[in-house]
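Enquirer: I'd like to ask you about the structure that follows.
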Amino acid sequence: MKKLILDLLLLIGLVALTSCNQGVKGDQYEKILKRGYIIVGLDDTFIPMGFRNNDNEIVGFDVDLAKAVFAEMNLEVKFQPIDWSMKETELYKGAIDVIWNGYTITEERQEKVAFSTPYLENRQVMIVAKDSTISSKTDLSNKKVGVQSSSSGYDALIANKDVMNIINNKQPIEYPTYDFAFQDLINGRIDVLVIDEVFGEYYLKANNLTQFTILNDDFGTETYGVGFRKADVKLLETFNEAFETIKSNGTATEISLRWFNEDKILNK
197 MKKLILDLLL
207 LIGLVALTSC
217 NQGVKGDQYE
227 KILKRGYIIV
237 GLDDTFIPMG
247 FRNNDNEIVG
257 FDVDLAKAVF
267 AEMNLEVKFQ
277 PIDWSMKETE
287 LYKGAIDVIW
297 NGYTITEERQ
307 EKVAFSTPYL
317 ENRQVMIVAK
327 DSTISSKTDL
337 SNKKVGVQSS
347 SSGYDALIAN
357 KDVMNIINNK
367 QPIEYPTYDF
377 AFQDLINGRI
387 DVLVIDEVFG
397 EYYLKANNLT
407 QFTILNDDFG
417 TETYGVGFRK
427 ADVKLLETFN
437 EAFETIKSNG
447 TATEISLRWF
457 NEDKILNK
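So the numbering used here is basically just the index in the sequence shown, starting at one, shifted up by 196.
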């Protein structure tokens, strides 16, 4: 009898585990529309795209864009900070509805998620001290290179075998967020930081880090998009239409000017 009860409990546990792992199924557009809000997953340390201000409020360029786009869809927005290395997992288990926070479109990610129309162009750049001897990737021999885990900068760095073969320990130093990476750069524990230009440029200015500079040499140009579950066809289609609306009526440009003092919105 005890064995039978144990077997039944094990079976129930396996069924529950399988159910949990199945995650969200089907297009969630009608469900989201009915409840009246959408959940945006983001890294809340990614200045200026999405971060916390002095009042602990989540603000940023992507945050303002999200509010404007989803307002066109008659939806409120709830911003959910997530572990950026788990972003796709959080999306498919239903903890969030979209990934929006300087999310670079790559072939690898396109296998996992459906992307919106690209809205911003970016480069993966290197930040070094102004008195550094590093001026290009060829100067990285035995240098300590920092980067955020599971970021586009990490992917771009790892993909460059020539660089990987010459940097210190043939491995970058990984950080959970760029806040920690910048602290090590400031304190001289790393020689160079690979980072999104839009983040790095803003961070240096905002924190008056005039002792550092962004090199002209980079790891390539990329574009940002918003990530959706592949089943959310209607949601993505409606989103793209709403985004086109805020581009055509000038709202997107206004938001860009507010954060960057220039119009960075892609209109292709």
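Backbone N, C-alpha and C define an ideal beta-carbon position, used for all residues, glycine too.
It should be emphasised that the depicted structure is a prediction, and the values quoted were computed from it without experimental measurement.
Are there 16 or more other CB atoms within 10 angstroms of the CB of G222, so buried, or fewer, so exposed?
Expert: It is exposed - the Cβ of G222 has fewer than 16 other Cβ atoms within 10 Å.
Enquirer: Using DSSP's beta-bridge definition, name the partner residues of M322.
Expert: Partner(s): V390.
Enquirer: For M245, which residues in the same chain have their Cβ closer than 6 Å to its Cβ, ignoring the five residues on either side in sequence?
Expert: The answer, listed in chain order, is G256, F257, D258, N297 and G298.
Enquirer: Whose C-beta lies closer than 6 Å to the C-beta of N217 among residues of the same chain, with five residues either side of it excluded?
Expert: Per-residue confidence for N217 stands at a pLDDT of 42, beneath the threshold of 50, marking its modelled position as unreliable; no derived number is given.
Enquirer: So, at 7 Å on beta carbons, what are the nonlocal neighbours of L287 in its own chain, with the 5 sequence-adjacent residues on each side left out?
Expert: If we look at L287 and ignore the five residues flanking it on each side, its Cβ neighbours are G237, I295, V309, G423 and R425.
Enquirer: Just to check my reading of the structure: E370 and V321 have Cβ atoms closer than 8 Å, yes? What is that Cβ distance to the nearest angstrom?
Expert: Actually they are not in contact, since the Cβ atoms of E370 and V321 sit about 18 Å apart, beyond 8 Å.
Enquirer: Go ahead and pull the three-state DSSP assignment for D240.
Expert: Coil.
Enquirer: Going by DSSP, what residues sit across from A310 in a beta bridge?
Expert: Looking at the DSSP assignment, A310 forms a beta bridge with F424.
Enquirer: Can you tell me the Cα-Cα spacing of R385 and N365, whole angstroms?
Expert: Taking the straight line joining both Cα atoms gives about 14 Å.
Enquirer: Going by DSSP in three states, L411 sits in which element: helix, strand or coil?
Expert: In this structure, L411 counts as strand in the three-state DSSP scheme.
Enquirer: Less than 8 Å between the CB atoms is what I'm expecting for Y399 and I243, so what's the real figure, rounded?
Expert: Their Cβ separation, rounded to whole angstroms, is 5 Å, which keeps Y399 and I243 in contact under 8 Å.
Enquirer: Checking the sheet assignment: what are the DSSP bridge partners for F275?
Expert: F275 pairs with V236.
Enquirer: Using the three-state DSSP reduction, which class does V343 fall into: helix, strand or coil?
Expert: It is a strand residue.
Enquirer: Might you give, ordered along the chain, the residues of its own chain that have their beta carbon closer than 7 Å to the beta carbon of V359, omitting 5 neighbours on each side?
Expert: Correct list, in chain order: K333, L336 and L353.
Enquirer: How big is the Cα-Cα spacing for D459 and F395?
Expert: Approximately 16 Å, taken between the alpha carbons.
Enquirer: Going by the DSSP bridge assignment, what does G246 pair with across the sheet?
Expert: F242.
Enquirer: Excluding sequence positions up to five away, which residues of its chain have a Cβ less than 8 Å from the Cβ of K340?
Expert: Within the same chain, K340 has close Cβ partners I363, N364, I369, R385, I386, D387 and V388.
Enquirer: Is G349 closer than 9 Å to V324 when the C-beta atoms are compared?
Expert: Not closer than 9 Å, so no.
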